[in-house]
Structure formats: structure tokens, C-alpha cells
Amino acid sequence: MDKLLDVKDLKVSFNTFSGEVQAVRGVSFDVNKGETLAIVGESGSGKSVTTKALMQLLPKPQGFIKDGQILLEGEDIVQKSEKEMQKLRGQDISMIFQDPMTSLNPTMKVGTQIMEPLIKHQKMSRAKAKERAIELLELVGIPDASTRITQYPHQFSGGMRQRVVIAIALACDPKLLIADEPTTALDVTIQAQILELMKDIQRKTESSIIFITHDLGVVANVADRVAVMYAGKIVEIGTADEIFYNPKHPYTWGLLGSMPTLDNDGYDLIAIPGSPPDMTDPPKGDAFAPRNEYALKIDEELEPPLFKVSDTHYAATWLLHEDAPKIEPPESVKRRMQGIANTGTAPGVAKDGEK
Amino acid sequence: MIWEESIWTIKLAYTLFSIIGEFFVNNELSVNFRKESTLYQEVLQMGRFILKRVVYMVITLFIIASITFFLMKILPGSPLSAENKLSEEQQEIVLEKYGLNDPVPIQYVNYLAGLVQGDLGLSFHFDSTPVTDILANRVGPSAILGAESLIVGVILGVLLGLIAAIFHNGVLDFTSTIIAVLGTSIPSFVFAGLLQYVFAVQLGWFPVALWKGGLEYHVLPVIALMIFPMAISARFTRTEMLEVLGSDYITTARAKGVTQAGIVFKHGLRNALIPLITVIGPMAVSLITGTLVIEQIFAIPGIGEQFVNSVMVNDYPTIMGTTLFYSVLFVVIILIIDLLYGIIDPRIRLSGGEK
Chain A
1 MDKLLDVKDL
11 KVSFNTFSGE
21 VQAVRGVSFD
31 VNKGETLAIV
41 GESGSGKSVT
51 TKALMQLLPK
61 PQGFIKDGQI
71 LLEGEDIVQK
81 SEKEMQKLRG
91 QDISMIFQDP
101 MTSLNPTMKV
111 GTQIMEPLIK
121 HQKMSRAKAK
131 ERAIELLELV
141 GIPDASTRIT
151 QYPHQFSGGM
161 RQRVVIAIAL
171 ACDPKLLIAD
181 EPTTALDVTI
191 QAQILELMKD
201 IQRKTESSII
211 FITHDLGVVA
221 NVADRVAVMY
231 AGKIVEIGTA
241 DEIFYNPKHP
251 YTWGLLGSMP
261 TLDNDGYDLI
271 AIPGSPPDMT
281 DPPKGDAFAP
291 RNEYALKIDE
301 ELEPPLFKVS
311 DTHYAATWLL
321 HEDAPKIEPP
331 ESVKRRMQGI
341 ANTGTAPGVA
351 KDGEK
Chain B
1 MIWEESIWTI
11 KLAYTLFSII
21 GEFFVNNELS
31 VNFRKESTLY
41 QEVLQMGRFI
51 LKRVVYMVIT
61 LFIIASITFF
71 LMKILPGSPL
81 SAENKLSEEQ
91 QEIVLEKYGL
101 NDPVPIQYVN
111 YLAGLVQGDL
121 GLSFHFDSTP
131 VTDILANRVG
141 PSAILGAESL
151 IVGVILGVLL
161 GLIAAIFHNG
171 VLDFTSTIIA
181 VLGTSIPSFV
191 FAGLLQYVFA
201 VQLGWFPVAL
211 WKGGLEYHVL
221 PVIALMIFPM
231 AISARFTRTE
241 MLEVLGSDYI
251 TTARAKGVTQ
261 AGIVFKHGLR
271 NALIPLITVI
281 GPMAVSLITG
291 TLVIEQIFAI
301 PGIGEQFVNS
311 VMVNDYPTIM
321 GTTLFYSVLF
331 VVIILIIDLL
341 YGIIDPRIRL
351 SGGEK
């Protein structure tokens, strides 16, 4: 498959009063054409910052890309000027944000907001752009689109607004769509609709999607591949099946164990103890070691490299070293993995398996 | 009797307007137009809103008139206290002529009766000219000065605030903040004196005072008066703009590839100006009181100068007339501001004119 995006050893930092916060500490991943990559992790793991860096939308002047390459179709966009980035944003890469209640301009008509990138990037006339805006609203499932484009965001419900945000992101047929927790602020029924819509759109437009979330249920639904992030690093990356059925990293076990399922009677919902490390002074060894009940002595001294599990599956834990004791994931996580496999509570996974 | 009369007038006006309104609502010819035109709906709502507000305004003015009237009567001194040249008989004649011998309630009723007919009474000084004539002759310079300084001040202030927000924490930001702080803390009459000394006496660019029609007579008083609204609007624009620039929908706009200029002027400005409208009301009022002093300093024959003089000599009808004039101005300004809100902020437009 063709590589659309190739991120190599990306490092992002923030200058704050208490020193440099290393939000992303050397992240490498790639996204193929037409593929959905989910980036999973708890708050502060650096997943949002990674994608903000992809679009160079880091808050200025505190945030900056310290090192690394972001190759979009082979071209490094870290080196691009603000002017060149403006041409890229909305055209090649676009973004769907977390909170639809605040991500639309309250004093601008919805139609105008959708038409803006069309007029800017595709040099469309206003009339042409308006036509396209109506098409887009219909595509994202908003009825009566020709009236709706003359309305303001406050006349839309939360789910409808997120559809509008998606329509804006799709306006110029971007090659890469970044969805930063697009369903977090929505209620569960609307979440399902929005996810369905995004899958549907991907089938139609064949764009690549980077899907950021902390909700593994959502991941199972949409992702082809999954990257698990912790403390500014990718600790495990693999296909959705590999992550759900054969997780190798204790942090991934923790995430899976803390995921509620419908049939978990008798099994505790496991919380990962402790909290993420202070990123102004990241630990010398494995950042997850203090919270990891399977931590080895070496974890405190030396950071584990990414061990290869299969061609597509890598995990950064010393447990995979040939000298390490063989440790199986805890019982409850195994049950949960089986639960997903047997009952199909995560239908997306089953579907992906069929492909 | 008069009270009933005015209430009756209000009722009549309201009924008339309602009938006209009903006619538009129920007339078959207009049904189709009404169904199709949201503009029609908006105009109708706006009409109802204004009508309601006008009724409130009349009530407010009635209350102000009553309070001012009785307060004035409580004040020590009489219109004749400065005129010790008159004999007792002459004084008696004068008091009789102006109805000042009647019991206070009668005077009050008579005054209101005149007021309803648009008669503000005769001035005790200035050769017994009707107060309405005095106001009409003097409103020109005050209105021009006030309007000029408000417009120039707000525009300059918004620009200053914008520059400060865009170059946040830069040299320009500090400069504009210093100007704003000086502008709010130094009273306008100090500026007036300084301006007269530097630009009129020393440099001789502009006339020191007086009002003879030429534009050069406007410059110094307008500068003195506009400092305050400029400083206030600069401060507000800066704060609001910074907040707006940090908001989610600005990130959305940047993610669409909108240029910096587009971000500031198309997306930011309108949202940043909404709170500013709130302070323009009090600012306009402070300009009115500001003119009292500035008109004295620059010897401008405006209402302010007139007001001060009439208070000095207990010229009841003129005090009443001027107070009412200011009150009308004030309530009209507030109404205009409320309407402006609707124009700038679409969220208020619908709720503002509810039935």
C-alpha cells in the first residue's frame, strides 16, 4: 500500500514557566492511503499534540516542533513556512475537533463557514461554492440543506453541528482527515451516528483518517490500525486485531482491562494505578514502570526499544526481550479479549477481521 | 386627570400599532409573503420589540420628569434669589406670571400637561424664550461634538486594541496599554488644557476656543473628548480579541487555511465587538457629561454650557427641559444599542423580539 503520511521521530515541546514540557518524545508512525489509524491514550499522553503538530497548529509561541520529520507524500512539512501551511491546511489535511459547541464561529452563517475553504483553496465562485456547500451538508446527512446553510450554528443541535464540522473538513476532499476525539462531547446515540457517518464517508472518499480517542470501544469500531501512546511515546502499534486479541504491552492490557463491556459480570473493571509522569522531567527508564505491576529492574534504568512482534505489530516493553520472564496478560484482560471475540460486542473488530 | 390622559394616549398608541400589526399578520395577501420571507418575520419581530421598548421609554421618562420636578422644588433658593434689585411687588408679578405661586401639585400637573403637548415652558432667564427653542439652538454643537468624538474614539480604540491583541506582549501591545491607562485615568479637562496650551498657544495650529463653524474649531475639543472612549474601547477590544483568538472556532478557521488577516477581521473582530457594544452606552453618557466641562473650557455654545448656567440661577424650566432631553437621549441610545446587538450577534436576534 502507498504511504500517505510518514512521521519520523517527531518531538514536540512546550516552553512553560516551569521549564520545557516534552509533550511528544520521538514518535514514529505512518498512515497508508485509505486507512484509518487510531491513536489511543489517556489525557496528557501527547496524542492531540501530535496531530496539532501535523497541521502546525501548536499554540504559538510556547509550542514548537523540536525535532523530526513529517512527510506528507514524501514532502517534509516541518520545514514549510506559515504561508505554505495555510495552503495545505483545509486542502490536503483537515481536522475535526472535539467540541462541536465551540468549534463553529457563532456569528457566521454555517454556509459561509463551509464555503470559506472552497473559495480559498479551489478558487470557486460564491455561487459554485454555495452549491457545493449544500451538497456537503446533504452528504453528512443534514436534511433541508439549502435552508440550513443560511442559518447560524446556534440553530443546530450538538450532533448536527458536528456534522457541519465534518462537512467543513471534507470540503476540499482532503487526503488526510484528522479527527481529534470527534465523539467525546456527544451523547452515546449521536456518537454512534457520527462514527457511522465517518466510516461511510471514508468508503466514499477513500481519504486516510487519523482518529484520536481515549475510548477503545470507538477504536474497535473504526480503526484499521491502532497506536497506543503513553507519556509522549508510542508504546504499542499494530493492526486493530493485534491490539485487541494479542496485546503485548502492560499499558495496553491496562487500557483493555479498564474498558467496560456489557458482559463483565463477576470481573472487576481495572483501573491503572497512579498518574502519568511529569513531562518537564521525564523518567530515565520506562515512563510506565512506576505504574506497571510487571515492571522489571531494567525498566527503571533503560528505556525499552520497540520490539517486533510481527511485521505490523511492535511494542515497547522489556517483557518481549528474549531474556525476560514470560508473562501472560492478567486473567480479566484475557476474558475481555475473549468477550470481544465471542459476543462481538465490538462489531467493528469482527468486520475488520473479515476484510 | 393628566395622568389618565397620558395613560390613555399610551393605550391608544399601543392599540393602533397592534391593529396595524394584526392587519399585517392576518391579511390574506400577506400570508404567502409572510410564510416565505424570514426577513418579514424579522422585521415584524423587530417592530414589536421597538414598540414595547417605546412604551417602556415613555414610562421611564415620566418617572424621571416627576422625580426631577420634585427634587428641584426641594432645593433651597428660588429663581429670584439672585435678583435683589426687584421690589416685592415686581417679584410678586413675576411669580404670578410663571405660576410659581400655585401649590406644588398644581404646578406639577400643569407642567406635565405642557410636557405631553411638547411644551417645556418658558425660561426664567434669556428673555423668556421657550425652553424648546433654547434646546433647539444649542443642541447642534453638542450633538456634533459628541457624535464625532464617539465615532473617532471608538474606531481608534478598536484599532489600538486590535494592534495590541495581534502583537500580544510585544512593544506595540505595551504602548497601546499605556495609552489606554492614561486615557482612562486622566480627566478630559486636563487634556483640554494641555491641548490648548500646546497646539493653540504654542504651535498655533488650531484656535484656542470658540465655535465659528470651521472644522478647525472641532479638532481640539473632539480630541479632548475622544480620549476616554478611545481608551475604554482599546482595553475592551484587546481583552476580547485575545479571548476570541484563543477560542476553538479560531482553531477551526486556522485548520481551514484561513490567513492571519482573515482570522482577525473575518472571524475575530465581530465576535470581539459584541461586549464592546455594552460599554458604548455608558460611554455615550459619559460623553454627554464630559461635554458639560469641555464646552465650558472651549466656550462652545452647546447644551452643556446652557445646563450649567441654568442650574446656577435656578432656571427651573430650563433645568427640567435639559434633564429630560438628556434622559430621552439616554434611553434612545440604549434602545439603539439593543438593536445593534441583534445586528451583530445572530444569537440575540431571535430571542430579542419574542412575542
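Those sequence lines, one after another, are chains A and B. Taking UniProt numbering, the leading residue of the first sequence gets 1, the next gets one more, and so forth. Taking UniProt numbering, the leading residue of the second sequence gets 1, the next gets one more, and so forth. Think of the CB as a built atom: it goes at the ideal place given N, C-alpha and C, for glycine as much as any other residue. Just so we're clear, the structure is a prediction, and the values are computed from it rather than from any experiment.
### Query
For Asn32 (chain B), which residues of its own chain have a beta-carbon under 8 Å away from its beta-carbon, when the five flanking residues on both sides are left out?
With a pLDDT of 48 at Asn32 (chain B), under the threshold of 50, the modelled position of that residue is not reliable, and the figure given next carries that caveat. Counting only Cβ-Cβ distances below 8 Å, and skipping sequence neighbours, we find nothing.
### Query
In chain B, which residues lie with their C-beta within 7 Å of the C-beta of Gln91 (chain A)?
Gly257
### Query
Over what stretch of residues does the beta strand (DSSP E) that includes Gly304 (chain B) continue unbroken?
Run containing Gly304 (chain B): none in the beta strand (DSSP E); it sits in the alpha helix (DSSP H), Ile303 to Met312.
### Task
Assign Asn26 (chain B) to buried or exposed, taking buried as 16 or more other Cβ atoms, counted over all protein chains shown, within 10 Å of its Cβ.
Low confidence applies to Asn26 (chain B): its pLDDT is 48, below 50, so where it sits in the model is not reliable enough to give any reading.
### Query
Shortest alpha-carbon distance to Ala133 (chain A) belongs to which of A:Tyr230, A:Pro106, A:Met101 and A:Ile168?
A:Ile168
### Task
Please name the residue or residues paired with Lys334 (chain A) in a DSSP beta bridge.
Lys334 (chain A) is not bridged to any residue.
### Message
Between A:Leu71, A:Gln22 and A:Pro282, which has its C-alpha nearest Asp6 (chain A)'s C-alpha?
### Response
A:Leu71
### Task
Please decide whether Arg34 (chain B) counts as near chain A, where near means a Cβ-Cβ distance under 7 Å.
Residue placement at Arg34 (chain B) is flagged as unreliable, the pLDDT there being 48, under the threshold of 50; the coordinate-derived value follows with that caveat. Taking Cβ atoms only, chain A never reaches closer than 7 Å to Arg34 (chain B), which makes this a no.
### Message
Taking 8 Å as the cut-off, does the region 171 to 179 of chain B touch the region 322 to 329 of chain B (at least 3 CB pairs, one atom from each stretch)?
### Response
no
### Message
Within a Cβ cutoff of 8 Å, which residues of the same chain sit near Gly183 (chain B), ignoring the five residues on either side of it in sequence?
### Response
Ile227, Phe228, Met230, Ala231, Ile232 and Ala234
### Message
In this structure, how does DSSP classify Gly214 (chain B) when only helix, strand and coil are distinguished?
### Response
coil
### Task
Since I believe Pro174 (chain A) is in contact with Ile93 (chain A) (beta carbons under 8 Å), could you give me their beta-carbon distance rounded to a whole number of angstroms?
6 Å
### CB contact flag (Tyr230 (chain A), Ser45 (chain A), <7 Å)
yes
### Query
Applying a beta-carbon distance threshold of less than 8 Å, which residues of chain B neighbour Ala134 (chain A)?
This sequence places Ile at residue 134 (chain A); Ala is not what is there. Simply none; closest approach about 18 Å.
#### Entry: Contacts of Ala65 (chain B) in chain A (Cβ-Cβ under 8 Å)
Here the premise fails: no neighbours, minimum Cβ distance about 39 Å.
### Query
Enumerated in chain order, which unbroken segments of the alpha helix (DSSP H) with a length of 4 residues or greater are wholly contained in the region 207 to 247 of chain A?
216 to 222 and 240 to 245
### Task
Would you give the residue range spanned by the alpha helix (DSSP H) that Gly161 (chain B) belongs to?
Val131 to Ile166
### Task
Assign Gln162 (chain A) to one of three DSSP states: helix, strand, or coil.
helix
### Task
Would you mind reading off the limits of the alpha helix (DSSP H) that contains Lys128 (chain A)?
Arg126 to Leu139
### Query
Using the beta-carbon of each residue, which ones in chain A are nearer than 8 Å to Tyr341 (chain B)?
Near Tyr341 (chain B) there are no residues of chain A at all, since even the closest Cβ is about 11 Å away, more than 8 Å.
### Message
Per the DSSP calculation, Phe29 (chain A) is bridged to which residue(s)?
### Response
A:Val7
### Message
I'd like to know whether the C-beta of Pro346 (chain B) is nearer than 7 Å to at least one C-beta of chain A.
### Response
yes
### Option nearest Ile210 (chain A) by Cα separation, candidates A:Asp9, A:Thr16, A:Asp30 and A:Leu10
A:Asp30
### Message
Once the 5 residues before and after Lys351 (chain A) are set aside, which same chain residues still bring their CB inside 8 Å of it?
### Response
Since pLDDT at Lys351 (chain A) reaches only 38, below the 50 mark, its modelled position is unreliable, and the value read off the structure follows with that caveat. For Lys351 (chain A), where only same-chain residues beyond five positions count, there are no Cβ hits under 8 Å.
### Neighbour flag for Ile263 (chain B) against chain A, beta carbons, 7 Å
no
### Message
If you follow the alpha helix (DSSP H) that Met85 (chain A) is in, where does it begin and where does it stop?
### Response
Glu82 to Leu88
### Message
With three or more C-beta pairs closer than 8 Å as the rule, is the region 147 to 154 of chain A touching the region 106 to 126 of chain A?
### Response
yes
### Cβ shell of Ile218 (chain B) (< 8 Å), same chain only, five flanking positions each side left out
The sequence shown places His at residue 218 (chain B), not Ile. Result list for His218 (chain B): Ile144, Leu145 and Glu148, in chain order.
### Task
Would you list the one or two residues that DSSP bridges to Ser94 (chain A)?
A:Leu177
### Task
Decide if Leu302 (chain A) is buried, meaning its Cβ has at least 16 other Cβ atoms within 10 Å, or exposed.
exposed
### Query
With a CB to CB cut of under 8 Å and the five nearest residues on each side skipped, what residues in its chain are close to Gly274 (chain A)?
Pro290 and Arg291
### As assigned by DSSP and simplified to three states, the class of Phe265 (chain B)
helix
### Message
Whole angstroms are fine: how far does the CA of Pro153 (chain A) sit from the CA of Glu28 (chain B)?
### Response
With a pLDDT of only 47 at Glu28 (chain B), under 50, the local geometry of the prediction cannot be trusted, and the value read off the model is given with reservation. Near 33 Å, if we compare the C-alpha coordinates of Pro153 (chain A) and Glu28 (chain B).
### Query
Do you know offhand how far Tyr326 (chain B)'s Cα is from Ala53 (chain A)'s?
57 Å
### Message
Tell me the rounded alpha-carbon separation between Gly140 (chain B) and Phe14 (chain A).
### Response
58 Å
### Message
For the beta strand (DSSP E) containing Gly257 (chain A), name the first residue and the last one.
### Response
Unbroken run through Gly257 (chain A) is the alpha helix (DSSP H), Pro250 to Gly257; no beta strand (DSSP E).
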